[in-house]
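Under numbering that gives the first Met the number 0, the first residue of the sequence shown carries the number 0, and numbering increases by one thereafter.
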Amino acid sequence: MNATGQSAVFGRRREPHTVIIARGNEIRHFTIRPWLAAFIGSALAAIAIGYLLATSYLVLRDDLIGATTARQARMQQAYEDRISALRAQVDRITSRQLLDQQLMETKVSELLERQTQLSQRHGRLGPLLERAENDVGTVPPGDPAVAAKPDKGAEVTGSINRPARNYAVASLGADLGAADTKPFSLWSTRTDPVPSDSAADRADKLFVSINQSLKSIENEQLNRISTLADNAYKSADAIQQALQAAGLPVDGDFGKNENDVGGPLIPLDSSMIFDSKVKELDEALNTLDQLKKEARQLPLANPAPGHSVTSPFGVRTDPILGTAALHSGMDFRAPIGMAARVTASGVVTKAGWNGGYGRMVEVDHGNGFATRYGHLSEIDVTVGEKLDAGAVIGKTGSSGRSTGPHLHYEVRHNGEAIDPLRFLTVGKKVAQYL
0 MNATGQSAVF GRRREPHTVI IARGNEIRHF TIRPWLAAFI GSALAAIAIG YLLATSYLVL
60 RDDLIGATTA RQARMQQAYE DRISALRAQV DRITSRQLLD QQLMETKVSE LLERQTQLSQ
120 RHGRLGPLLE RAENDVGTVP PGDPAVAAKP DKGAEVTGSI NRPARNYAVA SLGADLGAAD
180 TKPFSLWSTR TDPVPSDSAA DRADKLFVSI NQSLKSIENE QLNRISTLAD NAYKSADAIQ
240 QALQAAGLPV DGDFGKNEND VGGPLIPLDS SMIFDSKVKE LDEALNTLDQ LKKEARQLPL
300 ANPAPGHSVT SPFGVRTDPI LGTAALHSGM DFRAPIGMAA RVTASGVVTK AGWNGGYGRM
360 VEVDHGNGFA TRYGHLSEID VTVGEKLDAG AVIGKTGSSG RSTGPHLHYE VRHNGEAIDP
420 LRFLTVGKKV AQYL
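This is the structure in structure tokens:
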């Protein structure tokens, strides 16, 4: 009953599988339970799946290893490229620093060389400028070229033909001074932008400032030399023009014809410009010195400054006879006892009584020129005595053929009397240059 009822509810009961093995007279049987069959099936399925997975791995392993190796190679190459780029950047920075250091050393060397050159120039210019200041002095007021250079097309006046003035040299110097904002050929080789406040930028600005200062000093030296040379030539021109206008001889050829010039074009550097300017100044001072020397040998001074002329040179009525007569000199109103001074350096050739001159002194100035001082009350020199310009030769008076105290003054050339007024007029014109 129970068994029937159970079968009706749960169905028919499955009997376990039995495996019977017969070998000869022996018979063995095994009963296989469902759970054991399921376990064995699962184990076989697991083994099959494992085998398939192992086979797949062995088949795909080479591809996986190759992909991994390629990825590692790519990563290594990327790292090496990055390292190479960083190394190249470091090399560029190092090279730029070395180049900057070399440029810095070059600039310092050039600045020191220029400073040494300027110091040497100053040593050369010292005596020359002192001589120029003494010879040229200040330019007379009213001179249109007090401190300026002459224009390129300016015409050289006066009878002195100056040596050919190469105004291209002055223009070149001015151009160099205006355009030399970067004095060095490789002032900066930077291609990368540099911050405006970087050390290198500040160093470059400092070097430019120092170079401009040195350039300014150099240009100032050249301008001063040019100005002094121009003033020396102007003074020489004025002296020679005054002498020749008065008909007084001037020896020597002090220049060359500026119209007869030519030759190949040879560019000049700074040192050649300086040497050229110094040579020009030296020639100008030599010219001025020579003219001053010749002018000082002429009796151009006034023997009685501040005293009026009572009788000029030329034909006049004789003060004693009242007839027409030649007056061979000039009479200056002068009280008895006033110092009479020689008008130029020379040697005393006569000192004593000389007829109508009374007490007279005659001084030979060379080149055929001589002066006479008559009607003296006292003679203070002797024959053969050398006198400097302005030396006292005696005292004025009224000795000899005279109607009152005065100084009789004569200028003679090769024994012939010349109007002293010509010399006095020239003396006034050139006094500021002598």
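Just so it is clear, CB atoms sit at the ideal spot from N, CA and C, and this is done for glycine as well.
Item: Buried or exposed: which applies to Gln-119, given that a residue is buried once 16 or more other Cβ atoms fall within 10 Å of its Cβ?; Value: exposed
Item: Tell me, which residues are paired with His-28 by DSSP?; Value: Ile-19
Item: Identify every run of the beta strand (DSSP E) within the segment 340-389, keeping only runs that are complete inside it and at least 3 residues long; order them along the chain.; Value: 345-352, 358-365 and 368-378
Item: For the beta strand (DSSP E) holding Leu-406, just list the boundary residues, first then last.; Value: 405-412
Item: Comparing the C-beta of Ala-338 with each C-beta of chain C, is any distance below 8 angstroms?; Value: The structure shown contains no chain C, having only a single protein chain.
Item: Would a C-beta distance cut-off of 8 angstroms place Ser-234 and Leu-320 closer than the cut-off?; Value: no
Item: So the beta strand (DSSP E) Leu-325 belongs to, where does it begin and stop?; Value: 323-326
Item: Under the rule that 16 or more other beta-carbon atoms within 10 Å means buried, what is Ala-241, buried or exposed?; Value: buried
Item: Is it true that the CB of Ile-378 sits closer than 8 angstroms to the CB of Gly-393?; Value: yes
Item: Using a Cβ-Cβ cutoff of less than 6 angstroms, which residues in the same chain neighbour Ile-20 once the five nearest sequence positions on both sides are dropped?; Value: Arg-27
Item: For the alpha helix (DSSP H) containing Phe-312, list its first residue and its last residue.; Value: No alpha helix (DSSP H) contains Phe-312, which DSSP labels as neither H nor E.
Item: Might you give, ordered along the chain, the residues of its own chain that have their beta carbon closer than 6 angstroms to the beta carbon of Val-347, omitting 5 neighbours on each side?; Value: Val-362, Val-380, Val-382 and Glu-384
Item: What does the alpha-carbon distance come out to for the pair Asn-366 and Ala-430?; Value: 21 angstroms
Item: Report yes if the CB atom of Pro-298 is closer than 8 angstroms to the CB atom of Ala-343, and no otherwise.; Value: yes
Item: So, do the segment 327-344 and the segment 401-415 have three or more beta carbon pairs nearer to each other than 8 angstroms?; Value: yes
Item: Considering only the beta carbon of each residue, do Gly-396 and Tyr-356 sit closer than 8 angstroms?; Value: no
Item: For the alpha helix (DSSP H) containing Arg-421, name the first residue and the last one.; Value: 419-429
Item: Count the other CB atoms, across all protein chains shown, that sit within 10 Å of the CB of Thr-370; report buried if there are 16 or more and exposed otherwise.; Value: buried
Item: Report buried or exposed for Arg-38, applying the criterion of at least 16 other Cβ atoms within 10 angstroms of its Cβ.; Value: Checking the displayed sequence, the identity of residue 38 turns out to be Phe instead of Arg. With fewer than 16 other Cβ atoms within 10 Å, it is exposed.
Item: Residues in the same chain with beta-carbon distance under 7 angstroms from Gly-125, minus the five sequence neighbours each way, listed in chain order, please.; Value: none
Item: Buried or exposed: which applies to Pro-334, given that a residue is buried once 16 or more other Cβ atoms fall within 10 Å of its Cβ?; Value: exposed
Item: What does the alpha-carbon distance come out to for the pair Leu-97 and Leu-111?; Value: 21 angstroms
Item: How far does the beta strand (DSSP E) with Ile-392 in it extend, from its first residue to its last?; Value: 391-395
Item: Could you compute how far the alpha carbon of Ala-231 sits from the alpha carbon of Leu-280?; Value: 8 angstroms
Item: Within 10 angstroms of its Cβ, does Val-58 collect 16 or more other Cβ (buried), or is it exposed?; Value: exposed
Item: Going by other Cβ atoms of all chains shown within 10 Å of its Cβ, with 16 needed for buried, is Asn-210 buried or exposed?; Value: buried
Item: Can you have a look at Pro-304 and say buried or exposed, based on whether 16 or more other CB atoms are within 10 angstroms of its CB?; Value: exposed
Item: If you follow the beta strand (DSSP E) that Arg-332 is in, where does it begin and where does it stop?; Value: 329-332
Item: For a quick check, are the C-beta atoms of Val-341 and Ala-390 less than 8 angstroms apart?; Value: yes
Item: How many whole angstroms separate the CB atoms of Ala-300 and Gly-426, which I take to be in contact at a CB cut-off of 8 angstroms?; Value: 6 angstroms
Item: Taking DSSP as the reference, what is the three-state secondary structure of Ala-338?; Value: strand
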